[in-house]
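Just so you know, we're using UniProt numbering here: the sequence shown kicks off at 1 and counts up by one.
For every residue, glycine included, the Cβ atom is placed at its ideal position computed from N, Cα and C.
Beneath this line is the structure, given in structure tokens, with notes to follow.
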Amino acid sequence: MTTSDEPKAKKAKLDDGMNIEKWAPKSITEIKDKFSFNSTTYHSPIPEIIAKNPREPIVLGVDEAGRGPVLGPMVYGISYCTEEYHSSLKSKYGFADSKTLKDARRQELFELIDDEDHELYKNVGWATCTMTAKDISSGMLRSALGQGAYNLNDQAHDTTIALISEVIKSGVNVRKIFVDTVGPPASYQAKLQKVFGGADVTVTKKADSIFPIVSTASVVAKVTRDLNLQYFNKHIESVKGHELGSGYPSDPTTSRWLKGNIDPVFGWHHGLVRFSWQTAKDALEKGGAVKVIYEEECLKDKGYKDVTGMFEKPKGLIDQSFYGRPASL
1 MTTSDEPKAK
11 KAKLDDGMNI
21 EKWAPKSITE
31 IKDKFSFNST
41 TYHSPIPEII
51 AKNPREPIVL
61 GVDEAGRGPV
71 LGPMVYGISY
81 CTEEYHSSLK
91 SKYGFADSKT
101 LKDARRQELF
111 ELIDDEDHEL
121 YKNVGWATCT
131 MTAKDISSGM
141 LRSALGQGAY
151 NLNDQAHDTT
161 IALISEVIKS
171 GVNVRKIFVD
181 TVGPPASYQA
191 KLQKVFGGAD
201 VTVTKKADSI
211 FPIVSTASVV
221 AKVTRDLNLQ
231 YFNKHIESVK
241 GHELGSGYPS
251 DPTTSRWLKG
261 NIDPVFGWHH
271 GLVRFSWQTA
281 KDALEKGGAV
291 KVIYEEECLK
301 DKGYKDVTGM
311 FEKPKGLIDQ
321 SFYGRPASL
């Protein structure tokens, strides 16, 4: 990822107003082996109101958190509810673009969705896919000798399609899908509409500030990402006690931590940093890390022929008369 693609710096610290010791969603607590840093998906139970009315038309929203940061996961979140309940998300609870809400309020709203005795729990379903820094980088840096690079857009599209498909397969009657996007919306909308022909698909920028169900998905995604990163900030020995900043490449605090904590062989903890980001590559090169040359980067010297040529059949016939006649004849 080049610096031109990287978002502007965000000043917020990882734990401003949000506390994983107080509460954490099941999208974090249900991860069985957190330190394997494998991407994980979590789906909430189908809400009671939807389960009792399986034919009721459902609206579903999609948003992500953490596309630009060099630290931590990118989390895709979805939420869904009945069309009838949709407007209540904003009018009654104030769901709005998660970036406009304070951290503490985002966590409070997510807690309400997760509270089995609360109205939101009975009306709103949700799911997340936590795409770890390890898996994002592994995909983007995939060898050209094999499948080739798995770029971030393709990873994001596949994740979105998988999350929506899993909800539909569970029997939820999804009739409208609203998706927030940072790229060209028209081609992405056409792609999703082809996959989900039974629903009306709308892909637009700033969808999280237009559609309350996308705002809800935005809260789910951002709280999951922020608390995920906060968890590792507290439990990985190499980052304990360090201020990581917002995780964005242009954040001075994040940049300072990256440059000041380079292992010459391993770089940084493999599950925390996106090694595929240009910011990480530059920090390694300038920070004295050991240079690694990969197989596909080795070019054959044109002055030498390929050894496999020794096993090829001769291109022309051999003139046996050159060797004379056998002595026995």
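When DSSP states are grouped into helix, strand and coil, K176 belongs to the strand group.
Assignment of I31 by DSSP, reduced to helix, strand and coil, places it in the coil class. In the three-state reduction of the DSSP assignment, V220 falls in the helix class. Of the residues assessed, T40 falls on the buried side of the cut-off, its CB having 16 or more other CB atoms within 10 angstroms. Taking F110 as the centre and dropping the five residues before and after it, the same chain places the C-beta of P25, V219, V220, V223 closer than 7 Å to its C-beta, in chain order. When I136, I164, L145 are compared, the shortest CA-CA separation from D154 is found for I136. Secondary structure note for D154: its alpha helix (DSSP H) is the uninterrupted segment 152-169. Shown here, A96 sits in coil according to DSSP, grouped into three states, outside any helix or strand. Of all C-beta pairs linking the region 260-269 to the region 279-289, three or more are shorter than 8 Å, placing the two stretches in contact. Inter-segment contact for the region 82-98 and the region 200-213 is present: three or more beta-carbon pairs are separated by less than 8 Å. In the same chain as W23, and ignoring 5 residues on each side of it, the C-beta atoms closer than 6 Å to its own belong to E111, in chain order. In this structure, Q107 lies away from L244, with their beta-carbon atoms at least 9 Å apart.
The C-beta of D117 has fewer than 16 other C-beta atoms within 10 Å across all chains shown, which makes the residue exposed. Between the beta-carbon of G247 and that of L71 there is about 4 Å, and that keeps the pair under the 8 Å contact cut. Put simply, of H157, N123, D263 the residue whose alpha carbon is nearest the alpha carbon of K191 is H157. In the displayed model, Y248 falls within coil according to three-state DSSP, outside both helix and strand.
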